[in-house]
Amino acid sequence: MNSLTEKQFLRLAGAVLLISAVWIAISAGLPGGTANPGIPAPQAGFQAPDFTLNTLDGSTITLSELHGQAVLVNVWASWCIPCRTEMPAMQAIYDQYASQGFTILAVNATSQDSASDAADFVNEYGFTFPILMDVDGAVSRLYQVSALPSSFFILPNGQIEEVVFGGPMAEALLRTRVERLLQGEE
Amino acid sequence: MFPYLNLFGAAIAVSPLVILVAIWLGAALAERTSDRHGIPSETLYNLIFIALLAFILGGRLSYAAQYPSAFIADPVSLVSRNLGLFDPVGGAAIGLVAAAIYGQRKQLALWPTLDALTPALAVLLTAIPLANLASGEAFGAPSSLPWAIELWGQSRHPVQIYEALAAGLILWWLWPGRAKSQDPAGTNFLLFVAANAFSRLFFEGLRGSSALTVLNLRAAQLAAWVILAAALYGLLYLRRKSKTALRTRSI
């Protein structure tokens with residue numbers, strides 16, 4: 472640095488700052504500067520990919536029909552210890568916030584689990600939120616689930632607010648995220 | 047994108063693992079070369095350790111302070127392993143304060159200490175884009191270039207790879223021992239800051255996940271421009287100060 476004279480240094484610094492300012496202005500006009508919520512992808516800032524699954528009790532639920540509600544999509548399996556550990560906290564949060572427009576879709580990765588084991592676990596704890604059965608693994612593939620549990624916090628407008636891979640999620644984490652969803656924070 | 051490694055039945059998050067390895071490598075490199083800046087390696091190790099510890103504890107406490115009701119309802123969450131219960135900005139502020147207090151107690155000179163820490167920071171900034179690549183975050187804008195990668199439903203600039211390469215280049219440029227001995231203390235650190243601010247400013251323009259401000263301007267670019275200007279001014283200040291000192295000495 473000392474090999475430059477002060478005049479050369481000032482010219483260089485000025486040129487760098489000017490070029491940077493021009494690039495900032497050019498960048499403002501470039502397309503795709505921010506995540507496009509119109510594109511479905513299992514990532515924060517994108518539209519949550521839509522799916523339809525049967526529940527454990529035989530009814531059918533489509534994610535897009537829950538538009539206007541804050542949704543937690545939680546992919547789990549009965550053999551997965553962290554999944555089992557976080558479910559009671561999920562139930563506590565569901566009990567507290569369901570009346571405010573929050574719901575949980577607990578998607579059982581049935582292709583990696585057994586439907587009867589899943590049902591036994593749900594009955595043992597008496598979970599009241601919908602348990603969806605991903606029999607052929609389509610939703611796990613759609614959401615690129617590489618670890619269980621995987622949780623997708625979805626805003627009332629259908630946009631994914633946050634993705635949490637792994638667990639168990641602490642009750643405080645669930646509570647702060649659900650409150651943010653209900654406030655519509657991005 | 048490979049957010050998780052499945053090892054022996056356990057899912058291990060790649061992104062924090064990359065950051066942890068980078069901290070370890072960076073700290074080891076900084077310790078090996080700290081003597082050149084007149085900072086004992088043990089003191090530098092303690093400084094890094096205290097700053098990290100304060101960052102981790104401070105980040106959790108700062109988060110809890112923002113959402114007290116959630117932690118009052120479930121106090122055990124204070125010691126949860128969930129990375130989501132963390133405020134990185136608050137943690138960084140507390141980490142900096144802790145490092146400053148330790149540095150003052152040990153009477154560490156500011157500029158040589160920052161120079162000594164530069165290798166650790168440079169390794170860390172090389173690893174952050176790789177961690178983002180693993181998790182799929184900080185992704186690029188849509189692109190039809192031949193080297194574009196398929197991510198989140200579109201072909202995109204592999205901006206995390208661009209950023210990692212640029213940070214690697216900066217690390218190589220400022221590799222310990224490469225700096226000229228006549229450069230005043232602090233030059234290496236400010237060059238590092240200026241180069242990384244310029245790199246961030248440039249590659250932010252190719253990101254697809256930028257936070258936008260007025261007139262569609264990208265917030266990170268504006269912040270990087272201010273940091274770049276401050277670093278360049280700092281370099282000018284150090285040059286003038288060192289020349290004045292030389293002149294005084296020769297008189």
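Heads up: the protein sequence lines correspond to chains P and S, in order.
Every position in the first sequence, counted from 1, becomes a number in the numbering used here once 471 is added.
Every position in the second sequence, counted from 1, becomes a number in the numbering used here once 46 is added.
Positions of the beta carbon are idealized from the N, C-alpha and C atoms, including for glycine.
Note that the structure is predicted; figures quoted are calculated from it, not measured.
Nearest-angstrom beta carbon gap, residue j and residue i [assumed within contact, 8 Å]
i	j	result
residue 282 (chain S)	residue 233 (chain S)	So it is not a contact: roughly 11 Å between Cβ atoms.
residue 186 (chain S)	residue 501 (chain P)	Between residue 501 (chain P) and residue 186 (chain S) the Cβ distance is about 11 Å, and since that is not below 8 Å, they are no contact.
residue 256 (chain S)	residue 264 (chain S)	4 Å
residue 105 (chain S)	residue 132 (chain S)	4 Å
residue 206 (chain S)	residue 178 (chain S)	5 Å
residue 646 (chain P)	residue 564 (chain P)	6 Å
residue 162 (chain S)	residue 236 (chain S)	The Cβ separation is near 14 Å, so there is no contact.
residue 562 (chain P)	residue 526 (chain P)	Residue 562 (chain P) to residue 526 (chain P), Cβ: 16 Å. No contact.
residue 495 (chain P)	residue 271 (chain S)	6 Å
residue 514 (chain P)	residue 634 (chain P)	7 Å
residue 644 (chain P)	residue 126 (chain S)	7 Å
residue 545 (chain P)	residue 627 (chain P)	Actually they do not touch by this definition, with Cβ atoms about 18 Å apart.
residue 123 (chain S)	residue 117 (chain S)	6 Å
residue 475 (chain P)	residue 274 (chain S)	With 8 Å as the limit, residue 475 (chain P) and residue 274 (chain S) do not qualify as a contact, their Cβ atoms being about 17 Å apart.
residue 568 (chain P)	residue 653 (chain P)	7 Å
residue 82 (chain S)	residue 222 (chain S)	7 Å
residue 611 (chain P)	residue 560 (chain P)	The pair is not a contact, with the Cβ atoms about 22 Å apart (cut-off 8 Å).
residue 518 (chain P)	residue 630 (chain P)	6 Å
One or two residues paired with residue i in a DSSP bridge
i	result
residue 624 (chain P)	P:543 and P:633
residue 618 (chain P)	Answer is none; residue 618 (chain P) lacks a bridge partner.
residue 578 (chain P)	P:546 and P:603
residue 253 (chain S)	S:186
residue 518 (chain P)	P:511 and P:630
Delimiting residues of the alpha helix (DSSP H) encompassing residue i
i	result
residue 602 (chain P)	Per DSSP, residue 602 (chain P) belongs to no alpha helix (DSSP H); it is in the beta strand (DSSP E), 602-604.
residue 127 (chain S)	Note, residue 127 (chain S): premise wrong, no alpha helix (DSSP H); not H, not E.
residue 48 (chain S)	Run containing residue 48 (chain S): none; DSSP gives neither H nor E here.
residue 485 (chain P)	477-499
residue 613 (chain P)	609-613
Secondary structure of residue i, DSSP reduced to three states
i	result
residue 262 (chain S)	helix
residue 523 (chain P)	strand
residue 573 (chain P)	strand
residue 230 (chain S)	coil
residue 511 (chain P)	strand
residue 113 (chain S)	coil
residue 81 (chain S)	helix
residue 73 (chain S)	helix
residue 132 (chain S)	coil
residue 224 (chain S)	coil
residue 553 (chain P)	helix
residue 640 (chain P)	coil
residue 591 (chain P)	helix
residue 566 (chain P)	helix
residue 647 (chain P)	helix
residue 505 (chain P)	coil
residue 121 (chain S)	helix
residue 655 (chain P)	coil
residue 62 (chain S)	helix
residue 597 (chain P)	coil
residue 585 (chain P)	coil
residue 474 (chain P)	coil
residue 559 (chain P)	helix
residue 209 (chain S)	helix
Residue i - containing beta strand (DSSP E), residue span
i	result
residue 533 (chain P)	531-533
Proximity test, Cβ basis, 8 Å: residue i and chain C
i	result
residue 487 (chain P)	Of the chains in the structure shown, none is chain C; the protein chains are P and S.
Which whole runs of the alpha helix (DSSP H) in the stretch 135-206 of chain S are 4 residues long or more, in chain order? 156-181
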